[in-house]
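Numbering-wise (my numbering), the sequence shown opens with residue 41 and increments by one.
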Amino acid sequence: MRGWAYSRRTAPHRSGCPVSPTAAVGTARASGRAAVRLASERRAAARRGRGTIAAAPPHEVRAFHRIRRTEVSVQVPLPRVGDTLGHGRRYELLAPVSRGAMGQVWRARDRHLERTVAVKTIAAEVLAQGCDRGLVLRRFEREAKAAACLDHPNVAAVHDAGEQDGVCYLVMQLLDGMPLGDLLAEQERLDVDTAAAVGAQLCAGLTAAHARGLVHRDLKPDNVMVRRNGVLAILDFGLVKLLGDGVTPLTATADSVGNQLYASPELLGGSRELDHRSDLYALGCLLHHMLVGTPLFLEDDRHALVAGRHLYEAPVPLRELREDVPEQIEALVLALLAKEPADRPADAAAVYTRLAAFLPAPLPAELLLRPAPPCDPRHPFRHPMAPHRD
């Protein structure tokens, strides 16, 4: 397994300083062109360390989550290799796969069913963030149950969830493939039909989730897995905002957003009125990244600057950065990246219909069973329902 990944008129900045629309658009265009120039350097650096997915730093030595609060800083020990979680110590942690802002993902063994699974561990205090701990844990359980009800090929299955010794854990399907982030690092940029295939599969998974009132809130390349047969799966739907719930969201402010590069303006602005259109903005960011080869706004050490650009800067039209992008795709991405949710497409199904014209066509019958390259998002469209052969 490669790894689990698992324009408006002058608008006031939150600091009170006005931002000129002309300056914002000029800055956006300049940053877009700079992004293209820097993309090859970033990809080269990524390839140099690509061979295997980097393990988290050795957690046997001073491995702690540091949770910052307004006045108090506490430390929570992280799980270690060989620890067991779950009722009857069912899940044995074998090796860390990745680490993010909210916790770690582990390769683990289900000792009851004798199968390998992915386990995401998060310190309960990280989820609580000063809220009532019991209330947050009950919310975590409800959201995990809601995610477990999702049965769709483009959403990674949730098997189990719980809390033990101050650690919340989410047991998920372990997928054989590579994160979309790795695919983007290995290729300069994706062909239009490949990007459309990724976008269409994401739309299918999002449509199923949104129909159940689930919003992902953290859709990004490392939360999308490309299986070896080309079928995509969205990860981490056990850590979502359950629509219609009046409880304080688990990650309500921009300070706790794991990755601001793909976050919607309303999420970064701390809005409590988040709905499925927040995920559509993230989808627009992903399509821009796939087609141009770099994120919409380059990552910066000053995260407030990245958030401000999502809030106030107009995106650079795709055709100014890549001439062969169809006008319809450019218009779709600009619509997805609208600052106001009401200006975006109605839902993920509507986005799918606009991408459909650019999806790969099925291959002739005599070519359907030929070996196909692994982790190619076009495969489900070129070889519909056909057995996959490497």
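We put the beta carbon where it would ideally sit given N, CA and C, even for glycine.
- Here the alpha carbon of Ser-304 sits roughly 45 Å from the alpha carbon of Glu-406.
- Membership of Lys-185 in the alpha helix (DSSP H) is indicated by the continuous run 173 to 188.
- Around the C-beta of His-152, fewer than 16 other C-beta atoms lie within 10 Å, and the residue is accordingly described as exposed.
- With a threshold of 16 other beta carbon atoms within 10 Å, His-250 meets it and is buried.
- The alpha-carbon separation between Val-195 and Leu-275 amounts to approximately 7 Å.
- Listed in chain order, the alpha helix (DSSP H) elements of length 4 or more contained wholly in the segment 371 to 422 are 388 to 395, 419 to 422.
- The beta carbon of Arg-268 lies closer than 8 Å to those of Asp-216, Gly-217, Pro-414, Cys-415, His-428, Asp-430 in the same chain, with the five residues before and after it left out.
- In its chain, beyond the 5 residues on either side, Leu-133, Pro-136, Val-159 have a beta carbon closer than 6 Å to the beta carbon of Trp-146.
- With 16 or more neighbouring CB atoms inside 10 Å of its own CB, Pro-400 falls in the buried class.
- Here Ala-240 is near Tyr-392, since their CB atoms are less than 7 Å apart.
- In this structure, Leu-376 and Pro-385 form a Cβ contact; the two beta carbons are roughly 7 Å apart against a cut-off of 8 Å.
- Going by DSSP, His-192 is part of no beta strand (DSSP E) at all; its letter is neither H nor E.
- With a 10 Å radius around the Cβ and a threshold of 16 neighbouring Cβ atoms, Cys-189 comes out exposed.
- For the options Val-346, His-423, Ala-347, Leu-323, the alpha carbon positioned closest to that of Leu-374 is the one of Leu-323.
- Excluding sequence positions up to five before and after Glu-370, its CB lies within less than 6 Å of the CB of Pro-357, Leu-358, Arg-359, all in the same chain and listed in chain order.
- Contact annotation: Leu-307 and Cys-325 have beta-carbon atoms that are not nearer than 7 Å.
- Going by DSSP, Tyr-321 is part of no beta strand (DSSP E) but of the alpha helix (DSSP H) stretching over 317 to 332.
- When the alpha-carbon of Ala-184 is set against those of Asp-233, Thr-234, Leu-254, the nearest one is in Leu-254.
- Under the three-state reduction of DSSP output, His-199 falls in the strand class.
- Less than 7 Å divides the Cβ of Gly-333 from the Cβ of Glu-228.
- Around the beta carbon of Leu-125, a 10 Å sphere encloses 16 or more other beta carbons of the protein chains shown; the residue is thus reported as buried.
- In summary, Leu-409 is exposed, with fewer than 16 beta-carbon neighbours lying within 10 Å of its beta-carbon over all protein chains present.
- Sorting Cys-208, Leu-259, Leu-177 by C-alpha distance to the C-alpha of Leu-327 places Leu-259 at the top.
- Every unbroken stretch of the alpha helix (DSSP H) spanning 4 or more residues and falling wholly within the segment 194 to 275 is given here in chain order: 220 to 226, 232 to 251.
- Only residues of its own chain outside the window of five on either side were considered, and among them Val-232, Phe-398 have a CB closer than 8 Å to the CB of Pro-366, listed in chain order.
- Counting other Cβ atoms within 10 Å of its Cβ, Asp-222 reaches 16 or more and is therefore classed as buried.
- Taking C-beta atoms as the reference points, Gln-300 and Val-346 count as a pair closer than 7 Å.
- Val-157 has Ala-148 as its beta-bridge partners, per DSSP.
- For Arg-129 and Ala-148, the gap between their C-alpha atoms comes out near 12 Å.
- Excluding five sequence positions before and after Ala-273, the CB atoms of its chain that fall closer than 7 Å to its own CB belong to Asn-194, Val-195, Ala-196, Leu-215, Met-265, Arg-267, given in chain order.
- If you ignore the 5 residues before and after Arg-394, its C-beta comes within less than 8 Å of the C-beta of Gln-368, Leu-372, Pro-385, all in its own chain and listed in chain order.
- Taking 8 Å as the upper bound for CB-CB distance, Leu-320 and Ala-248 are not in contact here, some 15 Å apart.
- Here the alpha carbon of Gly-348 sits roughly 11 Å from the alpha carbon of Ala-354.
- Judged by DSSP in its simplified three-state form, Arg-359 adopts helix.
- In this model, Asp-262 and Tyr-209 are separated by some 19 Å (Cα to Cα).
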